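First comes the structure, then the notes that go with it.
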Amino acid sequence: MEGVPVTVTEAPQRVYREGDPDMPEEFHQLLVRMLSHHLENSTNPHYTELLGKLWNSCMTLCPTERLKTTFAKLMAQEVEHGVITARILEGLGVGPIDAPIKQYLFHLPIDTFCDLAYFNGLGDRVGCYIGETWEGVPYEPLLSVAERLHKDEVFHATFGMSNLKRICSTPEGLDEANEKIKIWWPAALDMFGRSDSDFSDAYVRWGLRTKNNEDLRHEYIADTRPIVEAMGIEVPADTANRRFL
47 MEGVPVTVTE
57 APQRVYREGD
67 PDMPEEFHQL
77 LVRMLSHHLE
87 NSTNPHYTEL
97 LGKLWNSCMT
107 LCPTERLKTT
117 FAKLMAQEVE
127 HGVITARILE
137 GLGVGPIDAP
147 IKQYLFHLPI
157 DTFCDLAYFN
167 GLGDRVGCYI
177 GETWEGVPYE
187 PLLSVAERLH
197 KDEVFHATFG
207 MSNLKRICST
217 PEGLDEANEK
227 IKIWWPAALD
237 MFGRSDSDFS
247 DAYVRWGLRT
257 KNNEDLRHEY
267 IADTRPIVEA
277 MGIEVPADTA
287 NRRFL
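Position 115, counted from 1, in the sequence shown is what our numbering calls 161; the numbers after and before it change by one each time, with no gaps.
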């Protein structure tokens, strides 16, 4: 921030293991903070509650029986992701988490199949960009699962976009998608966090991410907007209805 001197610490060159006595305290604190704020955590009752609601939405809003098996696979992966995060945090000395989910996208109502498609297609797609930056993280327990977690998120997002394309194939579906994009697009962009976050730059400095919040958001917009617009959806301005920038 302006007027405040910033201490720049070089990112570690080595990959730390669980219980590594040489792990720098700042690195440990940032790693714990990043994972503690991560949505997917099986010890967090708020995440368990969210999974229950999502399961109900997947099973009741799904338009065909065939798609239910794909949603079941997706939900099983979400459960497993929560277990993985909890195990990594346990290895860092952190017990169960009981923290409300702050990102408001996860509190948006999922009333229709279109809402569900946006949840996966836009919301899970954010996880692709966050997870992609973990593939070089210098902490072995996270590094060892990063590629797999990223692959799962790509599957979730691709499935969501496929469902959205299906919805937009009818005039009624396209009309609904054009209305609901006004809600889901800004919520997805806000998931990246504030552009001026001090922690965002600290994560980059220590190798926990390769890009800060603002850079990731810009990359997401550049990649995602053309995909959605190609379906005939009128994507709003990137600053419209945003809660923070």
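Think of the CB as a built atom: it goes at the ideal place given N, C-alpha and C, for glycine as much as any other residue.
The model shown is predicted, which means the values in this text are computed figures rather than measured ones.
_Report the CB separation of residue 230 from residue 168 in whole angstroms; it is logged as a contact under 8 Å._
Yes, they are in contact, since the Cβ atoms of residue 230 and residue 168 sit about 5 Å apart, within 8 Å.
*Tell me residue 185's beta-bridge partners as DSSP assigns them.*
Beta-bridge pairing links residue 185 to 62.
*Going by CA-CA distance only, name the one from 83, 203 and 257 that's closest to residue 297.*
A query on residue 297 cannot be resolved here, the shown segment of the chain reaching from 47 to 291 and no further.
_Which residue wins for smallest C-alpha separation from residue 186, given the options 263, 254 and 197?_
That would be 254, whose Cα lies nearest to the Cα of residue 186.
*Starting from the N-terminal side, write out each stretch of the alpha helix (DSSP H) that is 4 residues or longer and does not extend beyond the region 76-150.*
Counting whole runs of 4 or more residues, the region 76-150 contains the alpha helix (DSSP H) stretches 91-107 and 111-137.
*List the whole-angstrom C-beta distance separating residue 202 from residue 170, where the pair is believed to meet the contact cut-off of C-beta under 8 Å.*
Right, the Cβ-Cβ distance comes to about 4 Å (below 8 Å), so this counts as a contact.
*Evaluate contact between the region 70-82 and the region 100-114, counting only Cβ atoms and requiring at least three cross-stretch pairs below 8 Å.*
Three or more beta-carbon pairs separated by less than 8 Å are not found between the region 70-82 and the region 100-114, which leaves the two stretches without contact.
*Return the chain-ordered list of same chain residues with a C-beta closer than 8 Å to the C-beta of residue 127, the five sequence neighbours on each side being excluded.*
86, 195 and 198.
*asked:* Please return the same chain residues whose Cβ sits closer than 7 Å to the Cβ of residue 275, not counting the five positions on each side in sequence.
replied: Same-chain partners within the cutoff: 281.
*Buried or exposed: residue 221, going by 16 or more other Cβ atoms within 10 Å of its Cβ?*
Classification for residue 221: exposed.
*Neighbour-count burial assignment, residue 95, 16 or more Cβ in a 10 Å radius*: Exposed: under 16 other Cβ atoms inside 10 Å.
*Taking residue 138 and residue 248 to be in contact with their CB atoms under 8 Å, please state how far apart those CB atoms are, rounded to whole angstroms.*
The beta-carbon distance between residue 138 and residue 248, rounded to whole angstroms, is 17 Å. This is too long to meet the 8 Å contact definition.
*Quick one: residues in its chain with C-beta nearer than 8 Å to the C-beta of residue 235, no 5 flanking neighbours on either side, listed in chain order?*
Correct list, in chain order: 263, 266, 267, 284 and 288.
*Going by CA-CA distance only, name the one from 174, 172 and 188 that's closest to residue 129.*
Looking at the Cα atoms, 188 is the closest of the given residues.
*Exposed unless 16 or more other CB atoms sit within 10 angstroms - verdict on residue 70*: Per the 10 Å Cβ criterion, exposed.
*Apply the 10 Å Cβ neighbour rule to residue 60 and answer buried if 16 or more other Cβ atoms are within range, or exposed otherwise.*
If you draw a 10 Å sphere on the C-beta of residue 60, you find fewer than 16 other C-beta atoms in it, and that means exposed.
*asked:* Quick check on DSSP: helix, strand or coil for residue 232?
replied: Helix.
*Check residue 257 in the structure and name its three-state DSSP category.*
Of the three classes helix, strand and coil, the one that applies to residue 257 here is coil, per DSSP.
*Assign residue 272 to one of three DSSP states: helix, strand, or coil.*
Secondary structure at residue 272: helix, using DSSP grouped into helix, strand and coil.
*Under the rule that 16 or more other beta-carbon atoms within 10 Å means buried, what is residue 232, buried or exposed?*
By the neighbour-count definition (other C-beta atoms within 10 Å, threshold 16), residue 232 is a buried residue.
*Out of curiosity, what's the CA-to-CA distance linking residue 165 and residue 151?*
Taking the straight line joining both Cα atoms gives about 8 Å.
*Just checking my contact of residue 279 with residue 214 at CB under 8 Å: how many whole Å lie between their CB atoms?*
Taking a contact as a CB-CB distance under 8 Å, the pair residue 279 and residue 214 counts as one, their CB atoms being some 7 Å apart.
*Distance, Cα to Cα, residue 117 vs residue 256?*
Those two C-alpha atoms are separated by around 31 Å.
*Chain-order list of residues whose beta-carbon lies under 7 Å from that of residue 145 (same chain, five-residue window excluded)*: Cβ within range, chain order: 90 and 92.
*asked:* Please report the distance separating the alpha-carbon of residue 135 from that of residue 271.
replied: Answer to the nearest angstrom: the Cα atoms are 35 Å apart.
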